[in-house]
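Here the protein sequences line up with chains A and B, keeping their order. Residue numbers for the first sequence follow the numbering used here, beginning at 45 and rising by one. Residue numbers for the second sequence follow the numbering used here, beginning at 449 and rising by one. Glycine included, every Cβ here is placed at the ideal spot set by N, Cα and C. These numbers come from a predicted model, not from an experiment. Working notes, structure below.
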Amino acid sequence: MLELTSLTKKFGSFTAVDDISMNIRAGDIYGFLGPNGAGKTTTIKMIATLLKPTSGTVLINGIDAHRSPEEAKKYLSYVPDQPFLYEKLSGMEFLLFVSKMYRMGENEAADSIREVSDIFEVRPWLNKRIEDYSQGMRQRLVLAAAMLHKPRLIVIDEPMVGLDPRGAETFKEQVRLVAKNGTAIFMTTHQLSLARDVCSRIGIINTAKLVYEGSIEELSGDGVERLEKRYLELTS
Amino acid sequence: MLRELVKTKLRLLYLEGGERVSRHLSRSLFSVVTFAIFAYLTFTVIKFATTYLVVQARVGLFLYHRLLALALFVFFAIISIANILVAFVTIFRNTEAEFLHTLPIKPVEIFTSKFLDSFLYSSALMIIMILAAVAGYAGYFKDPLVAGLGVLLSILPLILSAACVGAIILLLVLKVAHRISIKTAAAAVTLFYAGSTYSYVMLNNPFKLFGDVMKYYPHIDRYLGVLDPKLDYLAPSFWAANFFYFATTGNYIGAAASALIVCAVAAALFFVMIKLADKYYEEAFWTARHKLFERKVKNLGDPLAGQESRARKPISVLKRDFLLFIREPSQTFHFGVLMILIGIFLVNLFEMRIYLPDTFIISSAFTLIYAFNSFLIVSLAVRFVYPMLSLEGETMWLLRSSPVRLGRVFYAKLLPSVIFLSVVGAILGFAAPSPFRNFHGLIPAGVVYGFTGGIVFPSLVMIFGGVFADFKEKNAVRISSSHGATVSLLVSMGVMVILSSIVFNQTVGYFSSKGTVPVDLTGAWVLGFIGVVFFYLAEFFTVRALKIDM
């Protein structure tokens with residue numbers, strides 16, 4: 045579903061992402077870990093077509109994201125760490141707007157909005173303006189919008205920002221559920237426990253290079269402490 | 449898809465407008481009154497100027513419309529430069545643009561909706577000014593139909609053309625920016641604008657044209673196109689002015705042809721812009737983002753390592769503001785352009801020679817130069833002083849939680865601007881009497897009025913910066929084109945008109961005495977006093993804004 049081949053991004057003499065390759069299949073939940081400034085966000089922005097790679101390719105569902113971005117993005121949902129929301133629109137209006145952008149029909153959009161707003165428990169808030177939402181409520185709305193058109197690939201940068209324990213639990217459940225239905229999920233996180241709880245595969249990036257790739261069991265064994273230890277070893 | 453985007457943008461515009469009115473009724477009422485007064489002032493000034501030029505000075509309809517063409521050219525250049533900046537922050541450096549890029553929307557549709565967004569956002573004041581000015585024109589010629597058609601078929605297409613030129617230049621700059629540096633490209637654009645404005649003003653020297661036209665006296669209402677430099681035909685502003693000339697003189701075929709040219713140019717430029725956007729926008733967007741990220745990683749490394757191992761001194765609010773200013777390309781670019789324009793204006797003033805026999809006209813000419821000087825100061829103040837407080841938004845938490853006196857923050861913000869603008873004002877004031885040989889006695893008045901203008905205008909603008917502070921907007925260009933900035937510009941221009949009339953009154957005696965009676969400087973003391981009052985009011989409103997609940 046997502047294939048990165050020799051992905052490299054340079055800014056002048058500085059290499060932000062260095063020759064990263066990976067293949068994420070349908071149904072995978074891929075945790076992309078790494079310290080601050082390692083190159084996670086740059087990688088994610090290249091996948092979301094917000095940055096162009098210096099070399100290498102990003103294939104989404106077999107489509108080159110930088111040669112046919114519009115086509116590739118039909119299968120993608122991207123949730124940035126600081127998502128943009130139209131403050132003056134209501135949650136409902138925002139979801140309707142997003143549905144239009146994905147060319148969803150009115151009935152399909154209405155059904156989908158009902159479904160995702162129930163899942164993320166934002167339904168009672170949908171008629172309120174976004175400017176009145178709390179940080180957590182905004183994150184729930186963004187996640188609901190991301191799942192609206194049933195994407196094949198969801199790319200999420202720091203999904204737990206602002207979520208309360210209940211919201212976090214809902215997110216984990218949903219991630220598992222959509223992955224079970226064949227959606228690939230690529231997410232960055234600093235929460236090793238989240239990675240351990242939901243990710244099927246892990247990639248660790250350090251100073252622009254992918255230093256580890258494999259299954260979560262292989263890395264963490266039977267506990268989050270071992271995962272933490274290995275992570276610190278790999279990124280030191 | 450485009451329709452949906454535009455619909456949403458219009459709805460947001462409506463919602464934000466409505467919100468503003470209902471939440472801030474007093475501010476809105478104040479804005480409406482300011483807009484209305486300003487529109488009325490523009491109407492009156494244009495009507496008076498037209499009556500004066502056509503009836504009293506008898507310049508003839510041809511020359512009058514050539515002066516109009518010159519004014520429209522300056523207007524065209526200002527809008528296109530402004531649009532380069534507003535389009536850059538709206539179309540390329542904007543979280544909404546980033547969000548839309550993650551959706552399966554054609555890049556050209558994103559570009560078009562964001563272009564319209566920036567066009568509507570930055571042109572409100574222009575449209576009000578134009579409507580009032582055209583109404584003033586129609587008020588003299590008593591032909592509202594010509595005025596209405598002129599706005600629709602000549603002025604609005606001209607504004608659109610200017611905005612398109614700005615966006616086209618921006619796309620081309622970003623297209624080449626990955627080969628040459630963005631600074632080199634920006635410098636080339638600055639030189640292009642400065643060069644073309646200078647050439648146009650040189651080619652169309654109104655004083656030379658005045659002499660040429662007067663050779664045909666008394667047939668000075670006739671169309672004397674033979675006097676026009678051929679290069680003029682390339683400027684849409686020339687055809688826009690021609691529309692008014694032909695329509696007013698009853699040559700409807702000429703008017704229709706001129707309108708057709710203006711509309712065709714606008715349509716062609718819009719088409720070219722969309723075609724270029726279709727081809728280059730995605731690439732340009734990536735280039736812009738690459739440049740932004742490049743800046744982020746540019747100074748990575750340990751600043752305390754090696755030679756600089758001693759801890760650096762903590763930086764003050766003043767130094768921080770200075771560093772933020774010089775590191776923001778949209779700020780430095782616009783500042784550079786304005787400084788070059790001021791430089792060109794100064795060179796022109798020193799080269800210009802004005803010999804006018806009539807005391808009233810010569811005082812008017814001096815007052816006009818003074819008014820333009822003030823306008824330059826006002827423009828600098830609105831563009832750079834107004835956003836200062838709102839830009840504090842992102843770091844308000846730091847200011848509010850630190851043991852810092854908010855009054856000091858105000859001084860750190862306004863004082864350097866006041867000093868700088870006073871010096872610029874004094875230099876402009878020194879140059880203002882230069883075209884009037886044998887009237888050196890004007891220099892002290894020019895310097896004093898210019899200097900005090902540099903205190904009054906930034907302080908006045910800062911008052912509005914405090915009243916309309918928007919701590920959510922992060923972009924200086926958008927803040928300085930906001931509703932509050934527009935109001936501050938209008939009020940400043942109102943003050944500018946009052947000051948100009950004081951200057952006129954105080955110089956008319958000087959000119960009528962052939963320079964033997966010194967210029968009365970009482971007005972400058974009053975102006976200085978007003979400046980001090982505005983300065984303290986600015987402090988009050990700034991500190992009040994910094995104390996709002998977060």
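C-alpha gap between residue i and residue j, whole angstroms
i                 : j                : result
Ser838 (chain B)  : Asn923 (chain B) : 9 angstroms
Leu533 (chain B)  : Val925 (chain B) : 7 angstroms
Ala725 (chain B)  : Leu740 (chain B) : 20 angstroms
Leu604 (chain B)  : Val943 (chain B) : 28 angstroms
Ser38 (chain A)   : Thr52 (chain A)  : Chain A is shown from 45 up to 280; residue 38 (chain A) falls before or after that span and cannot be answered.
Ala993 (chain B)  : Arg541 (chain B) : 27 angstroms
Ala705 (chain B)  : Ser99 (chain A)  : 53 angstroms
Gly963 (chain B)  : Ala819 (chain B) : 21 angstroms
Met148 (chain A)  : Phe718 (chain B) : 30 angstroms
Pro1000 (chain B) : Leu95 (chain A)  : Lying before the first or after the last residue shown, residue 1000 (chain B) is absent from chain B, which here runs from 449 to 998.
Leu675 (chain B)  : Tyr512 (chain B) : 14 angstroms
Gly932 (chain B)  : Phe486 (chain B) : 14 angstroms
Glu57 (chain A)   : Arg768 (chain B) : A quick correction: the sequence has Ser, not Glu, at residue 57 (chain A). About 27 angstroms.
Glu921 (chain B)  : Ile927 (chain B) : 7 angstroms
Ile107 (chain A)  : Ala70 (chain A)  : 15 angstroms
Lys304 (chain A)  : Ile229 (chain A) : In the structure as shown, chain A begins at 45 and stops at 280. Residue 304 (chain A) is therefore absent and cannot be evaluated.
Val765 (chain B)  : His549 (chain B) : 36 angstroms
Within 9 angstroms, strictly: CB atoms of residue i and residue j
i                 : j                : result
Ile802 (chain B)  : Phe655 (chain B) : yes
Phe521 (chain B)  : Tyr648 (chain B) : yes
Leu236 (chain A)  : Tyr275 (chain A) : yes
Gly247 (chain A)  : Gly75 (chain A)  : yes
Glu175 (chain A)  : Lys144 (chain A) : no
Thr45 (chain A)   : Ile73 (chain A)  : For the record, residue 45 (chain A) in the displayed sequence is Met; it is not Thr. Cβ distance not < 9 angstroms, so Met45 (chain A) and Ile73 (chain A) don't count as in contact.
Ala611 (chain B)  : Phe686 (chain B) : no
Ser1003 (chain B) : Thr900 (chain B) : For chain B, the structure presents residues 449 to 998; residue 1003 (chain B) sits outside this window and is missing.
Leu828 (chain B)  : Leu786 (chain B) : yes
Leu238 (chain A)  : Lys216 (chain A) : yes
Leu606 (chain B)  : Phe523 (chain B) : yes
Asp680 (chain B)  : Asn652 (chain B) : yes
Leu876 (chain B)  : Leu824 (chain B) : yes
As assigned by DSSP and simplified to three states, the class of residue i
i                 : result
Gly247 (chain A)  : strand
Asn796 (chain B)  : helix
Leu192 (chain A)  : coil
Ala683 (chain B)  : coil
Leu553 (chain B)  : One detail in the question is off: residue 553 (chain B) reads as Ile in this sequence, not Leu. Looking at Ile553 (chain B) - three-state DSSP - the assignment turns out to be coil, as it is neither helix nor strand.
Met231 (chain A)  : strand
Arg670 (chain B)  : coil
Thr456 (chain B)  : helix
Leu51 (chain A)   : strand
Ser528 (chain B)  : helix
Glu202 (chain A)  : coil
Glu257 (chain A)  : strand
Tyr146 (chain A)  : coil
Arg541 (chain B)  : coil
Tyr1005 (chain B) : Within the shown structure, residues of chain B are numbered from 449 to 998, placing residue 1005 (chain B) beyond reach of any answer.
Tyr488 (chain B)  : helix
Glu756 (chain B)  : Note that Glu756 (chain B) scores 49 on pLDDT, short of 50, meaning its location in the model is unreliable; the coordinates nonetheless yield the value given after this. Here Glu756 (chain B) sits in helix by DSSP.
Val967 (chain B)  : coil
Arg775 (chain B)  : coil
Ser566 (chain B)  : helix
Residue-level contact to chain D via CB, residue i, 9 angstroms cutoff
i                : result
Gln126 (chain A) : Protein chains in the displayed structure are A and B, and chain D is not among them.
Only counting runs of 4 or more residues, tell me where the alpha helix (DSSP H) segments fall wholly within the region 55-116 of chain A, in order along the chain. Runs of alpha helix (DSSP H) with 4 or more residues, each lying fully within the region 55-116 of chain A, are found at 84-91 and 113-116, listed in chain order.
If contact means a Cβ-Cβ distance below 9 angstroms, which residues of the region 715-734 of chain B contact chain A?
From the region 715-734 of chain B, only Glu730, Glu731, Phe733 and Trp734 have a Cβ closer than 9 angstroms to chain A.
task: Could I get the ranges of all uninterrupted alpha helix (DSSP H) runs contained in the region 902-954 of chain B, with 4 residues as the minimum, in chain order?
output: Here the runs fully enclosed are 924-928.
Could you run through the region 138-153 of chain A and flag, in chain order, every residue whose CB is less than 7 angstroms away from some CB of chain B? Considering only beta carbons, the part of the region 138-153 of chain A lying closer than 7 angstroms to chain B consists of Phe141, Lys144, Met145 and Tyr146, in chain order.
query: Quick one, which residues of the region 46-67 of chain A are near chain B if we go by CB-CB under 9 angstroms, in chain order?
result: Going along the region 46-67 of chain A in chain order, one finds Lys53, Phe55, Gly56, Phe58 and Ala60 with a Cβ nearer than 9 angstroms to chain B.
Q.
Short of 7 angstroms Cβ to Cβ, which residues in the region 537-554 of chain B face chain A?
A. Taking 7 angstroms as the Cβ-Cβ cut-off against chain A, the residues of the region 537-554 of chain B that qualify are Thr543, Glu544, Glu546, Phe547, His549, Thr550, Leu551, Pro552, Ile553 and Lys554.
(message) Which runs of the alpha helix (DSSP H) at least 4 residues long sit entirely within the region 597-660 of chain B? Give them in chain order.
(response) Listed in chain order, they are 604-624 and 630-651.
| When Cβ atoms are compared, which residues of the region 192-211 of chain A fall closer than 7 angstroms to chain B? | Taking 7 angstroms as the Cβ-Cβ cut-off against chain B, none of the residues of the region 192-211 of chain A qualify.
Just by C-beta distance, which residues in the region 101-118 of chain A are closer than 9 angstroms to chain B?
Listed in sequence order: His110, Pro113, Glu114, Glu115, Ala116, Lys117 and Lys118.
Practice prompt. Please name the residues in the region 496-524 of chain B whose beta-carbon is closer than 9 angstroms to at least one beta-carbon of chain A, in chain order.
Written response: The region 496-524 of chain B vs chain A, Cβ under 9 angstroms: nothing.
**Study point:** Start-end ranges of the alpha helix (DSSP H) lying completely within the region 814-884 of chain B, minimum 4 residues
**Key:** For the region 814-884 of chain B, whole alpha helix (DSSP H) runs of length 4 or above, ordered along the chain, are 835-838, 844-849 and 854-879.
*asked:* What are the residues in the region 917-938 of chain B lying within 9 angstroms of chain A by C-beta distance?
replied: The residues in question are Lys920.
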